[in-house]
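A.B. asks: Let me begin by handing over the structure; questions about it come next.
There are 2 protein chains.
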Amino acid sequence: MSAPKQDRSRATRQRLLEAAIACLAEYGWAGSTVAVVAERAGVSRGAAQHHFPTREDLFTAAVEYVAEERSAALRTLMPRGGPDRTRAVVGALVGLYTGPLFRAALQLWAAAAHEEQLRPRVTDLEARVGRESHRMAVELLGADEGCPGVRETVQGLLDMARGLGLADLLTDDSARRERVVEQWARILDGVLR
Amino acid sequence: MSAPKQDRSRATRQRLLEAAIACLAEYGWAGSTVAVVAERAGVSRGAAQHHFPTREDLFTAAVEYVAEERSAALRTLMPRGGPDRTRAVVGALVGLYTGPLFRAALQLWAAAAHEEQLRPRVTDLEARVGRESHRMAVELLGADEGCPGVRETVQGLLDMARGLGLADLLTDDSARRERVVEQWARILDGVLR
């Protein structure tokens, strides 16, 4: 492929992935067909199928792509140290689990619970994204996993982040979330130092 | 109504509620119609509609009923004191968010994110069940909400429980969950005493 053609192809792919997240978050799995996503992305159905042969390919790729984008952004943005570091890190980690990406991922999880074709794909995806989030949390918190209990402490924190994402699905939970983050950052500071 | 007739009616209602939870957990919202639930419960569609005029009535009542049953069972079962009390309480609270009830509730939440008719019902339900879980957690942990931070500590714990439920949706997460519960019970013991 020529370079401009490659660029166009990449741009099409990206538009499809972003439209897939938006559709999942807004309409759920049942309402998110490849045709609906292609239309939202302004791409022909044939082009969509060229990039993603199956519906499962499209949606799992979309969640993985956006999760990677967000992790990369978070790594770049985090300050290296300073006061209130733990508070900022906990807030940022929790932030990964709110907004359209989490909403989309949740729809995919919910569908995978009863769609046999989707299930193994989402299970794999969850394991990869989960490992990456854990690695990032350990690094940003400066946690020493050699110490007993530290691994489980960080895991529990990420479970809490996921639970906070769920609490934000139907109503704006940001004020309560802010206070929980504040308090749990304080607890973690005591436990990890 | 005569007493035996009332008993029969109550039994029918209960069968419908339990079948509704099983259907939601297994097939998701899209696959869970009143007809499917009535068939599973061995009840005529007319009888189902007599008890629950709309689909939203049936499913929100089902989640609320099972949540109340489980809370009541938990209150009765918990030992009043003794060693490892916090560990037992945290384990039991986390247990509320795994299994068929949480699976069913999650399908209802996911559907409510894009079904306008369902959304206000599920939002109300979530608030009621959430308040009740919080009250129970405070009581079982013997936490003093007069102390600064205690309220948010308990809230974060319940968020963690919800996140652990989500982690158990597609794969058996019980071994990891056990370790997270162990560690966070230890942390909470330090924070709450």
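Going down the list, the protein sequences come from chains E and Y. For the first sequence, my numbering assigns the number 21 to the initial residue and increments by one for each residue that follows. For the second sequence, my numbering assigns the number 21 to the initial residue and increments by one for each residue that follows. Idealized CB from N, CA, C, for every residue including glycine.
Does the distance from the CB of Y/L44 to the CB of Y/Q127 come in under 8 Å?
C.D. replies: yes
A.B. asks: Take Y/T32 as the anchor and find which of Y/A124, Y/F72 and Y/W49 has the nearest alpha-carbon.
C.D. replies: Y/F72
A.B. asks: Verify the CB distance criterion: does E/T96 have a CB-CB separation below 8 Å to chain Y?
C.D. replies: no
A.B. asks: Using a Cβ cut-off of 9 Å, pull out every chain Y residue sitting near E/Y85, in sequence order please.
C.D. replies: Per Cβ cutoff of 9 Å: no residues; E/Y85 is ~20 Å from chain Y at best.
A.B. asks: By DSSP, does Y/F72 sit in helix, in strand, or in coil?
C.D. replies: Of the three classes helix, strand and coil, the one that applies to Y/F72 here is coil, per DSSP.
A.B. asks: I need the straight-line Cα distance from Y/Y47 to Y/W204, nearest angstrom please.
C.D. replies: Per the coordinates, the alpha-carbon of Y/Y47 lies some 33 Å from the alpha-carbon of Y/W204.
A.B. asks: Given a limit of 9 Å on CB to CB distance, which residues of the region 27-56 of chain E reach chain B?
C.D. replies: You won't find chain B in this structure, because its protein chains are E and Y.
A.B. asks: Got a sec? Which residues, its chain only, sit under 7 Å from E/Y85 by beta carbon, not counting five neighbours each side?
C.D. replies: Counting only residues of its own chain and dropping the five nearest sequence neighbours on each side, E/Y85 has a CB closer than 7 Å to the CB of L37.
A.B. asks: I need the straight-line Cα distance from E/G115 to Y/F79, nearest angstrom please.
C.D. replies: 31 Å
A.B. asks: Looking only at its chain, what residues have a beta carbon closer than 8 Å to the beta carbon of Y/S91, apart from the 5 residues adjacent to it on each side?
C.D. replies: L116, E152, S153 and M156
A.B. asks: Exposed or buried, Y/P87, counting other C-beta atoms within 10 Å across all chains shown (16 or more means buried)?
C.D. replies: It is worth fixing the name first, because residue 87 of chain Y is Ala in this sequence and not Pro. Y/A87 should be labelled buried.
A.B. asks: Which residues in chain E have a C-beta closer than 9 Å to the C-beta of Y/Q137? List them in chain order.
C.D. replies: Per Cβ cutoff of 9 Å: no residues; Y/Q137 is ~13 Å from chain E at best.
A.B. asks: Assign Y/E172 to one of two classes, buried (16 or more other C-beta atoms within 10 Å of its C-beta) or exposed (fewer than that).
C.D. replies: buried
A.B. asks: With a Cβ-Cβ cutoff of 8 Å, do E/G111 and E/V54 count as a contact?
C.D. replies: no
A.B. asks: Can you find the residues in the same chain that come closer than 8 Å, C-beta to C-beta, to E/G150, ignoring five residues on each side of it along the sequence?
C.D. replies: L178
A.B. asks: So with Cβ pairs under 8 Å, would you call E/G183 a contact of chain Y?
C.D. replies: yes
A.B. asks: Can you give the Cα-Cα distance for E/G210 and Y/L212, rounded to whole angstroms?
C.D. replies: Taking the straight line joining both Cα atoms gives about 13 Å.
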